[in-house]
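Numbered per the working numbering, the sequence shown spans residues 12 to 114. Each residue gets a CB set at the ideal place from its N, CA and C atoms; glycine is no exception.
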Amino acid sequence: MPRLGRTLISFAMALLALQTLPLQAEPRTSSIEECAACHGLDGIARDSEVPHLAGQNERYLYNQMMAFRAGKRAHKEMRYMARSMSVAEIAALSAYYAALPPR
Ligand code: HEC
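See the structure below:
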């Protein structure tokens with residue numbers, strides 16, 4: 012089945028391309044896309060009521076997400092988002108946004 016073979020090869024090449032991106036700690040793309048709806052794919056929010064995440068301190072981002080998760084920082088959407096993530100994902104997302112160029 013040559014067509015399937017070609018599809019598999021381009022899939023494998025896409026995976027390879029993803030792995031050579033400079034951002035090593037990239038979390039699963041689904042969560043980045045979820046965040047992007049509000050915070051932008053580049054970490055720059057389009058809505059004036061949403062904070063930019065790009066270039067923010069990694070530790071700060073991590074602490075805020077853990078606080079949302081624990082309900083210590085109150086915000087309905089962010090609590091929901093933070094609770095659906097593992098601690099490892101929160102750490103990876105913090106590294107991802109901290110590595111993006113700030114506005
Ligand atoms: C529905 C819109 C929405 C989505 C989706 C969303 N956020 Fe947020 N986020 C916000 C808003 C609004 C705030 C500001 C909360 C406040 O006022 O305390 C915020 C705050 C934050 C903060 C704290 C920033 C700061 O400067 O203190 C972090 C970190 C964060 N979000 C990360 C994420 C991540 C990671 C995701 C994806 C898993 C995500 N957010 C998804 C709307 C959203």
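Span separating the alpha-carbon of residue i from that of residue j
i      : j     : result
TYR91  : SER59 : 21 angstroms
GLU100 : HIS63 : 19 angstroms
LEU52  : GLU88 : 18 angstroms
HIS86  : PHE79 : 7 angstroms
CYS49  : PRO13 : 41 angstroms
Heavy atom of the ligand HEC within 8 angstroms of residue i beta-carbon
i      : result
ILE55  : no
GLU69  : no
PRO13  : no
SER105 : yes
VAL98  : no
LEU52  : no
Any non-hydrogen atom of the ligand SAH closer than 8 angstroms to residue i Cβ
i      : result
PRO113 : The ligand SAH is not among the ligands present in this structure, which contains only the ligand HEC.
- Taking 8 angstroms as the threshold, find out whether the stretch 94-108 comes into contact with the stretch 65-82 through three or more Cβ pairs. Judged by Cβ distances under 8 angstroms, the stretch 94-108 makes contact with the stretch 65-82, as three or more pairs qualify.
- Can at least three beta-carbon pairs, one atom from the stretch 74-87 and one from the stretch 44-56, be found at a separation below 8 angstroms? Between the stretch 74-87 and the stretch 44-56, the count of Cβ pairs shorter than 8 angstroms is below three; the stretches do not touch.
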